[in-house]
Amino acid sequence: MCDGTGLVEFRKRFGDRFYDVGIAESAAVDIAAGLARSGLKPVVCIYSTFLQRSFDQIFQEVALQNLPVVFCVDRAGVVGSDGPTHHGLMDIGYLRMMPNMVLTAPADETETKLALEFALNENKPVVIRYPKDLVPKEKSVSTACAKPFELGKSVVAKRAKKSVIAIVSYGSVLTEALEAAELLDRDGIAADVINARFAAPIDEKIVELSKKGKALITVEDHTAACGFGSAVLEMASTTSGKPVSGPIAVLGAPKRFIKHDTRPTQLVEAGINAEKIAQTAKELLNK
């Protein structure tokens, strides 16, 4: 899978540091755990849906032993013409339940590099999820995205004066969240946009916004069930101190298999495009 995971050039340049185990995903995780146990920092690159095959090895060999294995989870989210077998819409759910696992999702090219630097400097398992999509070689979608990653810390991608709602985005859908904020601005609704960066651990400051009465919308390229938004709701229900008073809406893919189509069309079907986010914001505020 070196071509699909973008490792052809790496294999040419660093042949003695490259292992191709074919499509034996569970074996790949086992090997990586052994390398980590020997003091190395292995990077495992596997498609999101195929990583499901190694669920037991991630639990037993990596999470349980808290080994510094970096998982680069390719094809996270909807994948266009590859269809239902390749949509990576479940990885947050089956990975964030495991102790010791750190889950992060970069929003653009700049953050992808920063996330890898962060992961390689952590002494624990770190997951980096990213979509099958073209990454334009241009400036970051937000200057905040150029800041180094800090464990469990989000960044504010757009701050609005007198904002009444915050759109909290996880991963590549940050572009949709920022576009939604622009649509709302045209209608006189001020919205902040937060780039969550982490699904495990969650930044407590996100829940603090709701405690202050601000409405929240979470957006992710993943099923709404068991994903990033669910993690925010869990934190909101368990944190001590002042109770949550602002409404929270979770936007994610529905609990059904999404058919082959273009990625933009699938984002619309999943309800995580800019127009749907803006519509949800208005409905939330009207309530």
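Each residue of the sequence shown is one higher than the last, beginning at 504 in the working numbering.
All residues carry an ideal CB built from backbone N, CA and C; glycine is no exception.
Pull up the DSSP beta-bridge partners for residue 813, would you. No answer is possible for residue 813: it lies beyond the span of the chain, which begins at 504 and ends at 790.
Extent of the continuous alpha helix (DSSP H) run through residue 698: Residue 698 -> not in any alpha helix (DSSP H); beta strand (DSSP E) instead, spanning 694 to 698.
When you compare only the Cα positions, how much space is there between residue 768 and residue 596? 24 Å
Where do the N-terminal and C-terminal ends of the alpha helix (DSSP H) with residue 755 fall, by residue? First-last for residue 755: 751 to 756, but that is the beta strand (DSSP E), not the alpha helix (DSSP H).
CB contact flag (residue 692, residue 618, <8 Å): no
Three Cβ pairs or more, each shorter than 8 Å: is that satisfied between the segment 643 to 650 and the segment 709 to 718? no
State the DSSP-derived secondary structure class of residue 726, mapped to helix, strand or coil. strand
Cβ shell of residue 522 (< 8 Å), same chain only, five flanking positions each side left out: Within its own chain, the residues whose Cβ lies closer than 8 Å to the Cβ of residue 522, once the five positions on either side in sequence are excluded, are 531, 534, listed in chain order.
Cβ contact check for the segment 678 to 685 and the segment 744 to 759: 3 or more pairs under 8 Å: no
Under a three-way DSSP split, which group does residue 768 fall into? Three-state DSSP puts residue 768 in a helix.
Those runs of the alpha helix (DSSP H) which lie wholly inside the segment 513 to 571 and span at least 4 residues: 528 to 540, 551 to 554
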